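Peer 1: Input: one structure, supplied below.
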Amino acid sequence: MNHWKRMLIGAPIHTKQLSEEKLTKKKALAIFSSDALSSVAYATEEILLVLVLIGTQALMYSIPIAFAIMLLLLIVTLSYRQIIHSFPSGGGAYIVAREHIGRNTSLTAGAALMIDYVLTVAVSICSGVAALLSAFPALLPYRVELAVIFVIVLMIINLRGIRESANIFAFPTYIFVASIIIMIGFGIWKLQAGNWHHLAVPHHAEHFSLFSSFGTTFLLLRAFASGCSALTGVEAISNGVPAFREPSSKNAVITMFWMSFLLGTMFLGITFLANGFGVVPKENVTVVSQIANHVFGHGFFYYFIQIFTMLILFLAANTAFAGFPQLVSIIAQDGFLPRNLTKRGDRLVFSNGIIFLSVLAIILIIIFQGETHALVPLYAVGVFLSFTIAQYGLIKYFFERKSQQKVWSRIIVVGIGMIITGIVTIITAVAKFQSGAWMVVVAIPCMVLLFHKIHRHYSDLASQLSLQGQDPKQMVKVSPSKVIIPISSVSRVAINSIGYAKSISNDVVALTVYFDEKQKERAEKKWKELGLDIPLVTVHSPYRSLLMPLLQYIDTLEESERGKYITVLIPQFFVKKWWHIFLHNQTAFFLRATLLWRKDIVVATIPYHLRK
């Protein structure tokens with residue numbers, strides 16, 4: 005097993021090498037920004053899909069909506085710049101809310117981010133699989149299986165270490181960015197030169213009259229909210245600051261500004277070209293695909309962009325693998341998630357967090373059968389809720405430091421961002437409520453309740469294990485012990501346990517359970533022949549149960565031997581080859597598992613390893 009583990013994830017890395025596993029800005033941009041950068045593949049399309057409901061003439065509003073979204077991106081980026089500098093330990097909205105708002109709000113932010121990360125993996129993988137299936141329709145029956153395989157592959161790559169995953173994923177991310185920027189450059193040149201053929205688009209101006217001014221305004225706001233999907237993933241860098249090389253805060257901020265610049269450039273460029281070429285959303289043909297066709301025709305560069313768009317959608321899932329383990333480790337340190345999520349694995353990554361994320365994403369993919377359109381309505385509510393909470397916490401942070409210069413300008417900027425992201429959260433939740441967003445709305449408070457139950461368990465555990473009010477000298481008072489050795493037959497395995505039993509107590513008995521008198525007689529005769537000074541207790545089991553007679557005997561001892569420790573030493577042989585396990589019953593295992601739940605019973609296994 006250890007051999008296969010080494011082959012899959014590599015040899016263990018020494019703790020002293022942790023600093024070497026930290027990311028440079030170039031690698032961090034590829035790891036933490038792939039989710040945000042991949043959103044340009046669908047953000048413009050999300051705007052157009054809503055605007056076309058008003059009428060094709062309304063598509064011209066995509067440009068001002070895109071500029072409004074970029075203004076919001078700038079505000080969110082400036083807000084998270086302050087968060088990174090003020091909270092360099094990572095955790096983003098969770099840490100800000102914990103320090104400046106309150107426990108329940110911070111847990112709400114944590115739950116929202118966790119849900120968003122899981123959905124990022126599920127949606128990104130399913131989107132990539134959908135792109136793959138459009139090229140290879142024969143694979144359609146294996147949609148779910150392919151998605152699960154891709155999640156497992158990403159999990160294994162990330163278990164190998166964050167630096168190694170960065171080495172693998174950096175190339176396709178930068179190629180995608182370069183190809184989109186080149187496409188935008190050539191597209192603008194074609195538009196300026198007039199060297200293109202506008203497809204006839206029917207202009208249904210009468211559609212405007214079908215909507216009231218309120219209805220039109222709501223749809224425009226909904227288009228804005230849908231386009232804000234371009235901002236998903238922006239928070240990932242603030243959650244993963246500890247993964248950066250020193251100075252980590254400075255490097256994280258620089259990386260985030262580069263991410264925002266590239267995201268804004270590509271998003272505005274694609275929206276401008278979609279407007280210029282008169283692109284209308286079509287079923288099974290993405291907006292990016294239509295633009296690439298206008299710019300390059302149906303040749304090599306068209307397919308090149310399609311392939312790397314598909315790859316970036318796969319890699320967007322990797323942002324979650326970088327951010328989710330960091331986030332849950334911080335929540336676990338506070339005692340609201342299992343403590344094993346705080347431990348780094350052999351490769352200095354939070355292995356349990358990576359596996360936890362993979363399992364949750366696979367469950368979602370199986371439940372929704374790998375259908376992207378079924379998962380998308382659940383997306384974005386969580387991330388914009390966390391944006392809103394983070395900015396509210398930042399405003400409270402500024403008020404606590406209001407003596408500093410220019411603080412009011414920061415409060416106004418962040419306040420505007422908080423109001424807008426709050427509105428986007430509400431619009432997204434309302435517009436997509438019946439399509440599936442209700443699940444997120446219900447899941448977040450349920451997760452907060454679960455967090456509290458976990459924390460209560462750890463608090464109860466700490467109080468019960470505390471030495472406060474206890475006398476350690478009284479606690480370590482030596483008491484006599486009675487040792488029971490359950491044996492199935494008189495053999496070397498059983499005799500091997502007697503020596504250890506006598507070393508810890510002078511009161512030792514062997515116990516065997518028999519089903520008929522002949523079995524009892526054979527056991528007693530063989531035991532007598534050994535000439536041991538340890539009594540053999542035989543217990544009859546008319547119902548052929550091995551466990552119940554032993555438990556009843558222990559109950560009797562507890563009544564008659566009050567004040568004594570009762571220790572059960574279980575002799576157990578271990579086979580040489582793994583498949584030999586299936587040739588033997590597992591009585592020792594079940595006996596141990598049962599006795600561990602019994603109060604005041606000490607249980608130990610005495611192993612005997614077979615040679616062949």
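In our numbering, the protein residues as written are 5 to 616.
We put the beta carbon where it would ideally sit given N, CA and C, even for glycine.
All of these numbers come straight from a predicted model, not from anything done at the bench.
Could you give the distance in angstroms between the alpha-carbon of threonine 259 and the alpha-carbon of serine 110?
Peer 2: Approximately 25 Å between the Cα atoms of the pair.
Peer 1: Cutting at 6 Å between CB atoms, please list the residues of its own chain near glutamate 210, excluding the five before and the five after it.
Peer 2: Caution is warranted here: a pLDDT of 46 is assigned to glutamate 210, below 50, making its placement in the model unreliable, and the coordinate value is therefore given only provisionally. Cβ neighbours of glutamate 210 beyond the five flanking positions: none.
Peer 1: Have a look at the DSSP bridge pairing and note the partners of leucine 540.
Peer 2: Looking at the DSSP assignment, leucine 540 forms a beta bridge with Ala514.
Peer 1: Classify histidine 207: buried if its beta carbon has 16 or more other beta carbons within 10 angstroms, exposed otherwise.
Peer 2: Since pLDDT at histidine 207 reaches only 47, below the 50 mark, its modelled position is unreliable, and no value is offered.
Peer 1: Sort Lys457, Leu225 and Ala321 by Cα distance to valine 122 and report the nearest one.
Peer 2: It is Ala321 whose Cα lies nearest to the Cα of valine 122.
Peer 1: Starting from serine 485, trace the alpha helix (DSSP H) in both directions and tell me its first and last residue.
Peer 2: Here serine 485 belongs to no alpha helix (DSSP H); instead the beta strand (DSSP E) covers 485 to 490.
Peer 1: Taking 8 Å as the threshold (C-beta atoms), are isoleucine 488 and alanine 498 in contact?
Peer 2: No, the pair does not count as a contact, with Cβ atoms beyond the cut-off.
Peer 1: Flag this pair as yes or no: are the beta carbons of alanine 101 and isoleucine 393 separated by less than 8 Å?
Peer 2: In contact: alanine 101 and isoleucine 393 (Cβ atoms closer than 8 Å).
Peer 1: Given a cut-off of 8 Å on the beta-carbon distance, is the pair valine 513 and aspartate 120 in contact?
Peer 2: Not a contact, by the Cβ cut-off of 8 Å.
Peer 1: How many Å lie between isoleucine 179 and threonine 323 at the Cα?
Peer 2: Distance between the alpha carbons of isoleucine 179 and threonine 323 is about 17 Å.
Peer 1: Contact check, glycine 374 vs valine 133 under 8 Å by CB: the rounded distance?
Peer 2: That pair is a contact at about 6 Å.
Peer 1: Run through the stretch 97 to 121 for me and flag every whole alpha helix (DSSP H) of 4 or more residues, listed as ranges in chain order.
Peer 2: Here the runs fully enclosed are 97 to 104.
Peer 1: Can you give me the start and stop residues for the beta strand (DSSP E) that valine 607 sits inside?
Peer 2: Start and end: 605 to 613.
Peer 1: Suppose the cutoff is 6 Å on Cβ atoms and the five residues either side in sequence are ignored; what does the same chain contact list for serine 501 look like?
Peer 2: Here the set comprises Ile489, Leu573, Pro575 and Ile610.
Peer 1: Could you tell me which residues DSSP pairs with tyrosine 569 in its beta bridges?
Peer 2: The partner list for tyrosine 569 (beta bridge, DSSP) reads Ser485.
Peer 1: Taking the Cβ atom as the reference point for each residue, do isoleucine 76 and leucine 235 lie within a distance shorter than 8 Å?
Peer 2: Looking at the sequence shown, residue 76 is not isoleucine but leucine. Going by C-beta atoms, leucine 76 is nearer than 8 Å to leucine 235.
Peer 1: Which value, in whole angstroms, describes the spacing of the CA atoms of leucine 137 and glutamine 294?
Peer 2: Taking the straight line joining both Cα atoms gives about 18 Å.
Peer 1: Using CA coordinates, which residue listed in Lys524, Leu561, Lys532 and Glu528 is at the minimum distance from histidine 544?
Peer 2: Nearest C-alpha to histidine 544: Lys524.
Peer 1: With three or more beta-carbon pairs closer than 8 Å as the criterion, would you say the stretch 424 to 432 touches the stretch 222 to 233?
Peer 2: Yes, they touch.
Peer 1: Going by beta-carbon coordinates alone, are alanine 441 and alanine 433 separated by less than 8 Å?
Peer 2: Yes, these two residues count as a Cβ contact at 8 Å.
Peer 1: In three-state terms, what does DSSP make of lysine 254?
Peer 2: It is helical.
Peer 1: So does the stretch 310 to 321 actually touch the stretch 112 to 119, counting three or more Cβ pairs closer than 8 Å?
Peer 2: In short, these stretches do not touch, since the Cβ pair count stays below three.
Peer 1: Compute the beta-carbon to beta-carbon distance between isoleucine 316 and leucine 41, rounded to the nearest angstrom, for a pair I have assumed lies under 8 Å.
Peer 2: Indeed, because the Cβ distance is near 7 Å, the residues count as touching under 8 Å.
Peer 1: Taking all protein chains shown into account, decide if aspartate 520 is buried (16 or more other Cβ within 10 angstroms of its Cβ) or exposed.
Peer 2: Per the 10 Å Cβ criterion, exposed.
Peer 1: Are there 16 or more other CB atoms within 10 angstroms of the CB of threonine 177, so buried, or fewer, so exposed?
Peer 2: The residue is buried, with at least 16 neighbouring Cβ atoms inside 10 Å.
Peer 1: Expressed to the nearest angstrom, what Euclidean distance is found between the alpha-carbon atoms of serine 66 and leucine 382?
Peer 2: Those two C-alpha atoms are separated by around 24 Å.
Peer 1: Excluding the five sequence neighbours on either side, which residues of its own chain have a C-beta within less than 7 Å of the C-beta of lysine 603, listed in chain order?
Peer 2: Cβ neighbours of lysine 603 beyond the five flanking positions: none.
Peer 1: Could you round the C-beta distance between glutamate 312 and serine 183 to whole angstroms and report it? I think they count as a contact, below 8 Å.
Peer 2: As written in the sequence, residue 312 is phenylalanine, which differs from the glutamate given in the question. Yes, they are in contact, since the Cβ atoms of phenylalanine 312 and serine 183 sit about 6 Å apart, within 8 Å.
Peer 1: Taking C-alpha atoms, which residue in Gly59, Thr376, Val245 and Asp559 lies nearest to threonine 124?
Peer 2: The shortest Cα separation from threonine 124 among Gly59, Thr376, Val245 and Asp559 belongs to Thr376.
Peer 1: Can you grab the Cα-Cα spacing for the pair tyrosine 306 / phenylalanine 455, in whole Å?
Peer 2: When rounded, the distance between both Cα atoms is 48 Å.
Peer 1: Between the stretch 247 to 262 and the stretch 54 to 70, do at least 3 Cβ pairs fall closer than 8 Å?
Peer 2: Too few Cβ pairs lie closer than 8 Å, so no.
Peer 1: Is the beta carbon of valine 606 closer than 8 Å to that of threonine 571?
Peer 2: A contact, by the Cβ cut-off of 8 Å.
Peer 1: Across which residues does DSSP place valine 289 in a beta bridge pair?
Peer 2: Valine 289 is bridged to Lys286.
Peer 1: Across the stretch 137 to 153 and the stretch 325 to 341, are there enough close Cβ pairs to call them in contact, namely three or more that are closer than 8 Å?
Peer 2: No, because fewer than three Cβ pairs between the stretch 137 to 153 and the stretch 325 to 341 fall closer than 8 Å, the two stretches do not touch.
Peer 1: Taking 8 Å as the cut-off, decide whether the C-beta atoms of arginine 348 and phenylalanine 340 are in contact.
Peer 2: No, the pair does not count as a contact, with Cβ atoms beyond the cut-off.
Peer 1: Can you tell me the Cβ-Cβ gap for methionine 270 and isoleucine 188, rounded? I've got them flagged as a contact below 8 Å.
Peer 2: Going by Cβ atoms, the distance from methionine 270 to isoleucine 188 rounds to 7 Å, so yes, they are a contact pair.
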